[in-house]
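Here the numbering used here is used: position 38 in the sequence shown is 84, and no number is missing along the way.
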Amino acid sequence: MLSEKKMSEIIKNISYNYEKEELFTMKSGHQLPNRDTIIHIIMGLRQIMFPGYFDKDHLERAIPEYFLGHNIIKIYDSLSEQIRFALTQAAQPHPNENDILEQTDKICEDFFSSFPRNQTLLLKDVQAAFDGDPAAKTKEEIIFCYPGLFAIFVYRMAHELYRMHVPFIPRIMSEYAHGRTGIDINPGATIGEYFFIDHGTGIVIGETTEIGDHVKIYQGVTLGALSTRSGQLLRDVKRHPTIEDNVTIYSNASILGGETVIGKGSVIGGNAFITSSVEPGTRVSVSSPELTFTEKGPDGKNDLFD
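Structure (structure tokens):
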């Protein structure tokens, strides 16, 4: 058990850190968005995008207008509060409350107006997964079970808020999906339609990545930066690759650099490491390792492995 003297020393030292570090000083009336609330909003958005799969209400038993109205109002109230918290915190030290309320209303209006377009994109993503995966028995299975689709769904929602310059919330959303699926898609990435992630674990898609239509990516793929040693000097600089239409990237390939373009219709083989552009229609592969067979000795053992 800690002695009173030791406890007092610990408290004093930590309190000193609190006092000298402005990150720990929250102004009165300010608060950060709540992570649990954001996760709850994600689940509500998923119910709207895929009705009947993740709630008890089925459209054949409910009037669509009532179902949508009820859910949108519920999410709107919760999301608008979180956006207001985020904007207020980011506007320190002198936030203007009226400006923030007006900005919040505009962001929410634009965000909810994007739902029809994003639902259309998600349905194309479902179709891409069904067309691209012979193990998929039905589209319903993809919606209900596939982690790749969940990561894409969260990305598409988070990307809308990212485009509207909402602080904190898009990254909270994407990191939640990352934790659940092992798929790390920065909300700033630009991804076209009919996108398919197969298996998915270990995929990383950086902030300034651009991905075209009909692209398929397997597990372990990294679409990253060549170097981030310059830190904040690279902010707003394109540092991640461009993947054009109809490209397939197999497992554990790394494609790095803001000037790197993978041309339309290319196929990138597993374990490839690419830091320069690839012409359209190119097939890139890593030389297969040479297999070595050793004969067993008189005692029946393999000298290399036994």
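Backbone N, C-alpha and C define an ideal beta-carbon position, used for all residues, glycine too.
- In the structure shown, the three-state DSSP call for Asp145 is helix.
- Sixteen is the threshold: since fewer than 16 other Cβ atoms of the shown chains lie within 10 Å of the Cβ of Gly327, the residue is exposed.
- Beta-bridge partners of Ile289 (DSSP): Ile257, Ile308.
- Take the alpha-carbon of Ala182 and the one of Ala174: they are about 11 Å apart.
- In terms of Cβ geometry, Ala223 and Phe190 do not form a close pair [threshold 9 Å].
- Shown here for Leu114: same chain residues with a beta carbon closer than 8 Å to its own, the five before and five after excluded, namely Ile94 in chain order.
- When secondary structure is reduced to three states using DSSP, Asp151 falls in the helix class.
- Here the C-alpha atom of Ile60 lies approximately 11 Å from the C-alpha atom of Glu67.
- Note on Lys51: under 16 other CB atoms within 10 angstroms of its CB, so exposed under the neighbour-count rule.
- DSSP places Gly115 in the helix class (H, G or I) of the three-state scheme.
- With a cut-off of 8 Å on Cβ pairs, the stretch 198-217 is not in contact with the stretch 275-282, counting fewer than three such pairs.
- When the beta-carbon positions are compared, Lys185 and Val172 come within less than 9 Å of each other.
- Look at Arg81 here: in three-state DSSP terms it is helix.
- DSSP places Ser323 outside any beta strand (DSSP E), giving it a letter other than H or E.
- The beta-carbon separation of Val307 and Ala318, rounded to 15 Å, does not stay under the 8 Å limit for a contact.
- Ile301: not part of any alpha helix (DSSP H); member of the beta strand (DSSP E) spanning 300-302, first to last residue.
- Assignment of Thr236 by DSSP, reduced to helix, strand and coil, places it in the strand class.
- By the 16-neighbour rule on beta-carbons within 10 angstroms, Gly225 is exposed.
- When the five nearest sequence neighbours on each side are left out, the beta carbons in the same chain lying within less than 7 Å of the beta carbon of Asp179 are those of Asp244, in order along the chain.
- Around Tyr296, the same chain offers Tyr264, Gly315, Gly316 as residues with beta carbons nearer than 6 Å, after the five sequence neighbours per side are excluded.
- By a beta-carbon distance limit of 8 Å, Val267 does not contact Gly238. Their separation comes to about 16 Å.
- When Leu91, Val283, Arg81, Ile257 are compared, the shortest CA-CA separation from Ile301 is found for Ile257.
- Measuring C-alpha to C-alpha distances from Tyr192 to each of Phe176, Asp291, Glu206 identifies Phe176 as the nearest.
- In the structure shown, Gly194 falls within a helical segment according to DSSP collapsed to helix, strand and coil.
- Counting only residues of its own chain and dropping the five nearest sequence neighbours on each side, Tyr99 has a CB closer than 6 Å to the CB of Ile189, Phe190.
- Cα atoms of Ala235 and His140: separation of roughly 31 Å, rounded to the nearest angstrom.
- Judged by their CB atoms, Val283 and Gly304 are nearer to each other than the 9 Å cut-off.
- Under the DSSP definition of a beta bridge, Lys262 partners with Phe242, Thr294.
- Excluding sequence positions up to five before and after Phe242, its CB lies within less than 6 Å of the CB of Ala174, Ala175, Gly178, Lys262, all in the same chain and listed in chain order.
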